[in-house]
Amino acid sequence: MNKCIVVIDVQNDFVNGALGTKEAEEMIPRLVEKLKNEKDAHLVFTQDTHKENYLETQEGKRLPVKHCIKNTEGWQIFPALSEFLPNAEVIEKKSFGSTRLPSVVSKYDEVELCGLCTDICVVSNALILKAFFPEKTVSVDANCSAGVTPESHKEALNVMKACQVEIKNA
């Protein structure tokens, strides 16, 4: 079975920057270990990407915290993952879900997601993929993901499970 691992938005601003959390920081070593052990899987990173006018956008008005502004330090993939970038595909996305992701992962039998934030971008992308590929194995590694809060992380995992996304390591 050919597998693709999609690392969602593990960027400085979501780990220890503008929107960082303790849970995100604690998840990093587990994610690094996972990626070291999954050498045969194709690797995709998504990058939440905003422009300087972020606060004027609909998202910016509802979440008025400037983050992941393209080419800033906060936008960069978290340094602990840099060793994996040379062999990975990187997709920039302007919103919670990537409309490009389904075409990138279409040839894989299994797509496993992990990253940040479980309750926003991970759930959005998992449900997009499940809608595009109802017969494909779509999973989320709960141990290598973190939500805005521990409670919202668990709630998002329950939503995804109800939508037939396989939850691993919960």
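Every position in the sequence shown, counted from 1, becomes a number in my numbering once 7 is added.
We put the CB at the ideal spot given by N, CA and C, even for glycine.
- Message: Between which two residues does the alpha helix (DSSP H) holding residue 159 run?
- Response: 157-169
- Query: According to DSSP, is residue 67 helix, strand or coil?
  - Reply: helix
- Query: Three or more C-beta pairs closer than 8 Å, one from the region 103-118 and one from the region 72-81: is that the case here?
  - Reply: no
- Query: The beta strand (DSSP E) with residue 113 in it runs from where to where?
  - Reply: Here residue 113 belongs to no beta strand (DSSP E), and DSSP marks it neither H nor E.
- Is it true that the region 40-52 meets the region 91-103, where meeting means three or more beta-carbon pairs spaced less than 8 Å apart? yes
- Message: Taking the alpha carbon of residue 9 as the reference point, which residue from 72, 149, 143 has its own alpha carbon closest?
- Response: 143
- Message: Below 8 Å, how does it come out for the region 113-120 and the region 143-157: are there three or more Cβ pairs, yes or no?
- Response: yes
- Item | Meets three-Cβ-pair contact criterion under 8 Å: the region 122-133 and the region 10-23 | yes
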